[in-house]
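Below is one structure, written out as structure tokens; comments come after it.
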Amino acid sequence: MTVLITRDELKAAIDAGAVTVVDALGGDYYAQQHLPSAIALVESEVAERAATLLPDRDAAIVTYCSNPACPNSKAVANRLTALGYTDVRTYREGIQDWVEAGLPVESSVTV
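Okay, so the sequence shown: first residue is 89 according to this note's numbering, each after it adds one.
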């Protein structure tokens, strides 16, 4: 079962530096905009890249994608849990909710 986190809880954890945020959209979506300090990790790459990107299996991790209709964040969270990660939660509302709340995002796109 995927444990959920609210926007306010996630913002507080990000502000405190107490969580690793995982963008489950990846690619151009990640480049265009992502939550502060988020790393990109899509489901198809979890087995190959998780140990390098997320070496501490007991660290707090939150996955997100675009909105509640997007299954990516839950899929990545389930894969991480199956690999032995112990504190994985999902921000189900996703980046759409984050942006609509007026919270900051980062971009990898150069203008």
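For each residue, glycine too, the CB sits at the ideal point set by N, CA and C.
Coarse secondary structure for residue i, derived from DSSP in three states
i    : result
L168 : helix
D175 : strand
T140 : helix
A128 : strand
V110 : strand
V91  : strand
Residue i classed as buried or exposed, judged by whether at least 16 other C-beta atoms fall within 10 angstroms
i    : result
D144 : exposed
T108 : buried
G182 : buried
D111 : buried
G114 : buried
First through last residue of the alpha helix (DSSP H) which encompasses residue i
i    : result
A100 : R95 to D103
Limits of the beta strand (DSSP E) - the one that residue i falls within
i    : result
R180 : Counting along the chain, R180 falls outside any beta strand (DSSP E), and DSSP gives it neither H nor E.
A148 : A148 to Y152
Proximity to residue i [Cα-Cα], best of the options
i    : options                   : result
Y179 : Y152, D146 and A119       : Y152
R177 : G190, A147, L113 and E131 : A147
V150 : C158, A139, V164 and P156 : V164
N160 : S132, D185 and L171       : S132
T202 : A128, D116, D111 and A138 : Because the chain in this structure spans residues 89 to 199, residue 202 falls outside the shown range and cannot be described.
Practice problem: For the region 121-140 and the region 188-198, state whether three or more C-beta atom pairs, one from each stretch, are separated by less than 8 Å. | Solution: yes
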